[in-house]
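Chemist: Structure below; questions to follow.
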Amino acid sequence: MSREVLAREAINHAFKALKKRHLIEEGAHAPAYIALSRPIISQGSEWKEKAENLEMELQQCYKAQSRLSEQLVVEVAESRALKASLQEKEMAIAELEKELNQTRDECSQLKTDLEEKIRALELLMVEHQELKAQLEQMAIKAKNAEAENKMLVDRWMLQKMQDAERLNEANALYEDIIERLKASGLEKLAREQVDGIVRRSEDGAEFFAESTVPSVCSHRINAHEGGCASILFEYNSGKLISGGQDRSVKMWDTGTGSLTHNFSGCLGSVLDLAITHDNRFVIAASSSNNLFVWDVSSGRIRHTLTGHTDKVCAVDVSKVSSRHVVSAAYDRTIKVWDLQKGYCTNTIIFHSNCNALCFSTDGLTICSGHVDGNLRLWDIRTGKLLSEVAAHSLPITSISLSRNGNVVLTSGRDNVHNLFDVRSLEACGTFRATGNRVASNWSRSCISPDDNYIAAGSADGSICIWSISKADIVSTLKEHTAPVLSCTWSGLGKPLASADKNGIVCTWT
Amino acid sequence: MEAPKYVWEGAIPLQIHLHESQVTTLPPPPPALILAPRIGYLPLLAPLIKPYFSSTLPPGVDTIWFDCNGLPLKWYIPTGVLFDLLCPEPERPWNITVHFRGYPGNVLIPCEGEDSVKWSFINSLKEAAYIMNGNCKNVMNMSQSDQLELWHSVMNGNLEAYQRVSSKLKLATVDDEYASLCLQKSQQSVIETDLPAQAKTGRVPVRLYVLSVSKDFDDLDEIPRVDSWEKISYINRPVEIRKEDKCFTLHDALKILLPELFLDESLMNVKLGGVDLEDAVRNSNEDVTSVKVVEDQGQNVCKQPEACRISSSAKIKLIRIQGIEPKLEIPFSWVANNLLNPDYFLHVCVCVKVAQ
Chain V
236 MSREVLAREA
246 INHAFKALKK
256 RHLIEEGAHA
266 PAYIALSRPI
276 ISQGSEWKEK
286 AENLEMELQQ
296 CYKAQSRLSE
306 QLVVEVAESR
316 ALKASLQEKE
326 MAIAELEKEL
336 NQTRDECSQL
346 KTDLEEKIRA
356 LELLMVEHQE
366 LKAQLEQMAI
376 KAKNAEAENK
386 MLVDRWMLQK
396 MQDAERLNEA
406 NALYEDIIER
416 LKASGLEKLA
426 REQVDGIVRR
436 SEDGAEFFAE
446 STVPSVCSHR
456 INAHEGGCAS
466 ILFEYNSGKL
476 ISGGQDRSVK
486 MWDTGTGSLT
496 HNFSGCLGSV
506 LDLAITHDNR
516 FVIAASSSNN
526 LFVWDVSSGR
536 IRHTLTGHTD
546 KVCAVDVSKV
556 SSRHVVSAAY
566 DRTIKVWDLQ
576 KGYCTNTIIF
586 HSNCNALCFS
596 TDGLTICSGH
606 VDGNLRLWDI
616 RTGKLLSEVA
626 AHSLPITSIS
636 LSRNGNVVLT
646 SGRDNVHNLF
656 DVRSLEACGT
666 FRATGNRVAS
676 NWSRSCISPD
686 DNYIAAGSAD
696 GSICIWSISK
706 ADIVSTLKEH
716 TAPVLSCTWS
726 GLGKPLASAD
736 KNGIVCTWT
Chain A
802 MEAPKYVWEG
812 AIPLQIHLHE
822 SQVTTLPPPP
832 PALILAPRIG
842 YLPLLAPLIK
852 PYFSSTLPPG
862 VDTIWFDCNG
872 LPLKWYIPTG
882 VLFDLLCPEP
892 ERPWNITVHF
902 RGYPGNVLIP
912 CEGEDSVKWS
922 FINSLKEAAY
932 IMNGNCKNVM
942 NMSQSDQLEL
952 WHSVMNGNLE
962 AYQRVSSKLK
972 LATVDDEYAS
982 LCLQKSQQSV
992 IETDLPAQAK
1002 TGRVPVRLYV
1012 LSVSKDFDDL
1022 DEIPRVDSWE
1032 KISYINRPVE
1042 IRKEDKCFTL
1052 HDALKILLPE
1062 LFLDESLMNV
1072 KLGGVDLEDA
1082 VRNSNEDVTS
1092 VKVVEDQGQN
1102 VCKQPEACRI
1112 SSSAKIKLIR
1122 IQGIEPKLEI
1132 PFSWVANNLL
1142 NPDYFLHVCV
1152 CVKVAQ
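Protein chains in written order, with this note's numbering: chain V, 236 to 744; chain A, 802 to 1157.
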């Protein structure tokens, strides 16, 4: 056989084999297998499809959900915002309502106020009109009154002038009478009038004070231990200077009773005090044979006057110059000191000790009271005795000059107080009282500044006051428990001061 | 129908049992009945098999593998080839066991599913291209989509799609005069128009699987079961079609591939006339093999489709290609052009009796 034929046959055989195989293998089994697997495959695929569909749906649902939730969030936010704004609006509305109500109330209130005011205004206007009318009336009245006034003033002036004329006439008449009186020689009357007038023009007349009789003890001062022998008022003041056994000189304000100055340096007990006319210097007579001069303002000793050989029991200073000091000591001398020169210018020796001294008003004469009871006048320049008079039977204890300088009061141990005229040395008055005993050799009495009363202390501690004009005792002051050693009357008229042996000073008003 | 169509549509009925070690339900699941394409591969059946057994599988990761009578099946060998090789007496349906656990890593190379199979396929394609064209440029330059389409056409058994893509590859075909001769006129013209400028090659890629049996047998079902891959020798050798030979038959190809089995041909031819006993034996053997042997002992020495033997020790008992046993006179060029697998390889199963 040919190759091709063989080949072709082989190929055909192969084909047939393939067909046969097909029939046996897949051809036979395929239908059954496919049928068997269909459910599973289909199932599987079904489920798969289902699953895929569901997944897609789910995805879509998720997407939709997310979208919705986003929307929801937005919506919620919006609604919240709206709520908030709504609330705000509501609140605003409430507020506005409130405000509205308030304003309405205010408005009504204002309306009523306005009505009131209008009414008030109307009233006021009416009143105003009335007042205007009144004013006009008043104005007219005033004008009338002015005119009347003017007229009356004119009339009055006229009257006055008439009166003046009449007065002038009267004065002229009076003067006539006076002249006639004068001419008729009512000299006494005239002199009295003239004296009074003259006195009124005296120096120091302004200080003249009416003295009253003191009755009440205003102060009781423990001034000095051991006794107060000498007290003295400053010129025309209420300040009292006291000197005592305790070697001190004190100045008191008698208004309050308090101590204002204390002058120290005195070496002995103070027996007598003097103050210059200008109240600048205080001079104390000391039992240490010295005199001490203090400057009141500084309180220091200005001078110590030495020379006496025994205790100095009396001192006085010139009322004119303040330069001359006269002192009497128990060495039977009276010394005249010149404060400016600083030494003794004159020494008067007399056999009888002098207990008390007093300058005259012109400062040229001194009056001295002696143990022999005589009152003597000396000229200080020459030292010559001018005159003397027997004033007392017993030693004179005190000499004091009246304010006018004309009379001098002397007290003696004979318990008699005399007034002597300085020029004539005649006794003007005598005063005594029962129970009034002069306490010591140096008991001082005094005259009141108006020269009307005399005050003197007594050994029983009482003070007797006599009236010069009445010439009789007018009062007895009892306070002291010890003998009263010294009395002095303030230049102002009151108080009266007294010192006793216990050192107590009483002021009386 | 043309041969390639038959080849592509071929399918083996499988009865797949789940291995008892993996059965966790009572009663045990029934075997799955699957039609497996001959040109396909066993791992590709996994998605079809899983639904049957998924409920009964023990928990864990599944690695699918198959065995036939205890012999783990190599997954890179096409299903049809495995069937032809391991079932000399075709057993329909073919009972195999599927395992999901306990992958025998010492016997089988790892398979990670469809991708491993795909890459194995592409690899074979490159090999074939190299053998046929001398380089595998055309396979390597194939676009991704073309690759995928080719693979999918193979997976789905879509011959038209496959032919569309493979024609782009411009793989040379075997010059086959006899193909044009044997085919009907219409088909011939179609073929001519379809393949205008086809390069012609003289080298055919062949994968030869030789099953050696020690005992001689009369019936195919007497062939003992294969229990080890050592019994099967694998020869990967291209067949050079000699140009000078006008008709190159399958016999000639086999001579090239298994020269040791054809040593005594000249001897045999000499002996033919004398020894009748051997002829009788041979004849009976030939009958069994169902190869229609046209004995023409006189003229064409080279065309004698005689059962070959190596002295008295080895002789080819069975030749199977795509499930059929072609005659030895069949032009090899026809075989090469029509019975090849999609990977452009010709898989040939041979059963050889070897005397030990």
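Positions of the beta carbon are idealized from the N, C-alpha and C atoms, including for glycine.
When you compare the CB positions of A/I1125 and V/L253, do they come within less than 8 Å of one another, or not?
Modeler: Yes, Cβ-Cβ distance for A/I1125 and V/L253 is below 8 Å.
Chemist: With the cut-off set at 8 Å, would you say A/I850 and A/P879 are in Cβ contact?
Modeler: The answer is no: Cβ separation not under 8 Å.
Chemist: Across which residues does DSSP place V/I476 in a beta bridge pair?
Modeler: The partner list for V/I476 (beta bridge, DSSP) reads V/L467, V/M486.
Chemist: Excluding sequence positions up to five away, which residues of its chain have a Cβ less than 6 Å from the Cβ of V/G503?
Modeler: Answer for V/G503: S521, S522, S523, listed in chain order.
Chemist: Residues of chain A with CB closer than 7 Å to the CB of V/A265, please, in chain order.
Modeler: Neighbours of V/A265 on chain A, chain order: A812, L836.
Chemist: Would you say the stretch 809-819 of chain A touches the stretch 888-905 of chain A, given that touching needs at least three Cβ pairs under 8 Å?
Modeler: At 8 Å Cβ cutoff, the stretches touch.
Chemist: Exposed or buried, which one is V/N671 when buried takes at least 16 other CB atoms within 10 Å?
Modeler: Counting Cβ neighbours within 10 Å, V/N671 comes out buried, since at least 16 surround it.
Chemist: If you draw a straight line from the C-alpha of A/N1037 to the C-alpha of A/A929, how long is it?
Modeler: A/N1037 and A/A929: Cα-Cα distance of roughly 11 Å.
Chemist: May I ask whether a heavy atom of the ligand ATP can be found less than 7 Å away from the beta carbon of V/S603?
Modeler: Within the structure as shown, the ligand ATP is missing, as the structure has no ligands at all.
Chemist: Which class does A/P1106 belong to by DSSP, given the choice of helix, strand or coil?
Modeler: In this predicted model, A/P1106 has a pLDDT of only 39, less than 50, meaning its place in the structure is not dependable enough to derive any value.
Chemist: Measure the C-alpha to C-alpha separation of V/R455 and V/R611 and round it to an integer number of angstroms.
Modeler: If I take the Cα positions, the gap works out to 36 Å.
Chemist: Since A/P1132 meets chain V, which of its residues come closer than 8 Å, beta carbon to beta carbon?
Modeler: Near A/P1132 (Cβ distances below 8 Å), the residues of chain V are A242, A245, I246.
Chemist: If we call anything under 8 Å between Cβ atoms a contact, is V/I698 one with V/V673?
Modeler: Cβ atoms of V/I698 and V/V673: not closer than 8 Å.
Chemist: Pick from V/L592, V/H586, V/I739: whose alpha carbon is nearest that of V/G696?
Modeler: It is V/I739 whose Cα lies nearest to the Cα of V/G696.
Chemist: Which residues, in order along the stretch 892-906 of chain A, keep a beta-carbon less than 9 Å from a beta-carbon of chain V?
Modeler: Going along the stretch 892-906 of chain A in chain order, one finds R893, P894 with a Cβ nearer than 9 Å to chain V.
Chemist: Note down, in chain order, every chain A residue with its Cβ under 8 Å from the Cβ of V/Y268.
Modeler: Ordered by position in chain A, the residues that pass the 8 Å Cβ test against V/Y268 are P814, L834, I835, L836.
Chemist: By how many angstroms is the C-alpha of A/E1061 removed from the C-alpha of V/L241?
Modeler: Distance between the alpha carbons of V/L241 and A/E1061: 26 Å.
Chemist: In chain order, which continuous runs of the beta strand (DSSP E) of length 3 or greater are located wholly inside the stretch 1013-1049 of chain A?
Modeler: For the stretch 1013-1049 of chain A, whole beta strand (DSSP E) runs of length 3 or above, ordered along the chain, are 1033-1037.
Chemist: In chain A, which residues lie less than 7 Å from V/L258 when you measure between Cβ atoms?
Modeler: Result: empty, since nearest Cβ-Cβ is about 11 Å, beyond 7 Å.
Chemist: What residues of chain V sit near A/W1135, judged by a beta carbon separation below 9 Å?
Modeler: Going along chain V in sequence order, the residues near A/W1135 (Cβ under 9 Å) are A242, A245, I246, A249.
Chemist: List the residues of chain V that A/P1127 touches, going by C-beta distances under 8 Å, in chain order.
Modeler: Going along chain V in sequence order, the residues near A/P1127 (Cβ under 8 Å) are A245, H248, A249, A252.
Chemist: Give the secondary structure of V/T711 by DSSP, where H, G and I count as helix, E and B as strand, and everything else as coil.
Modeler: Here V/T711 sits in strand by DSSP.
Chemist: Note down, in chain order, each residue of its chain lying with its Cβ closer than 7 Å to the Cβ of V/D389, except the 5 sequence neighbours on either side.
Modeler: Within the same chain, V/D389 has no close Cβ partners at all.
Chemist: Can you find a CB in chain A that lies within less than 8 Å of the CB of V/E261?
Modeler: Taking Cβ atoms only, chain A reaches closer than 8 Å to V/E261, which makes this a yes.
Chemist: V/T491 and V/L475 look like a contact to me (Cβ under 8 Å); what is the Cβ gap, rounded to whole Å?
Modeler: About 11 Å; that fails the 8 Å criterion.
Chemist: Which residue or residues does DSSP assign as beta-bridge partners of V/Y688?
Modeler: Paired residue(s): V/S702.
Chemist: So A/C1048 contacts chain V; which residues on that side make the cut at Cβ distance below 7 Å?
Modeler: Correct list: R238, A242.
Chemist: Looking at A/K1118: is its Cβ nearer than 8 Å to the Cβ of A/V1153?
Modeler: The answer is yes: Cβ separation under 8 Å.
Chemist: Can you find a CB in chain V that lies within less than 8 Å of the CB of A/G1124?
Modeler: So, interface residue.
Chemist: Can you pull the chain A residues whose beta carbon is under 7 Å from the beta carbon of V/L185, in chain order?
Modeler: Absent from the model: residue 185 of chain V. The displayed extent of chain V is 236 to 744, so no value can be given.
Chemist: Would you report the Cα separation of A/I910 and V/Y297, rounded to the nearest angstrom?
Modeler: Distance between the alpha carbons of A/I910 and V/Y297 is about 45 Å.
Chemist: Contact between the stretch 853-870 of chain A and the stretch 279-287 of chain V: three or more CB pairs below 8 Å?
Modeler: Short answer: they don't touch.
Chemist: Would V/R616 pass as an interface residue toward chain C - the criterion being a Cβ-Cβ separation below 8 Å?
Modeler: The displayed structure is made up of protein chains V and A, and chain C is not among them.
Chemist: Determine the DSSP secondary structure at A/E890, reduced to helix, strand or coil.
Modeler: The answer is coil: DSSP assigns A/E890 none of H, G, I, E or B.
Chemist: In this structure, what does DSSP give as the bridge partners for V/A563?
Modeler: DSSP lists V/A549, V/I569 as partners of V/A563.
Chemist: A/P1160 lies in the beta strand (DSSP E); which residues open and close that run?
Modeler: Lying outside 802 to 1157, the shown extent of chain A, residue 1160 of chain A is not represented and no answer is given.
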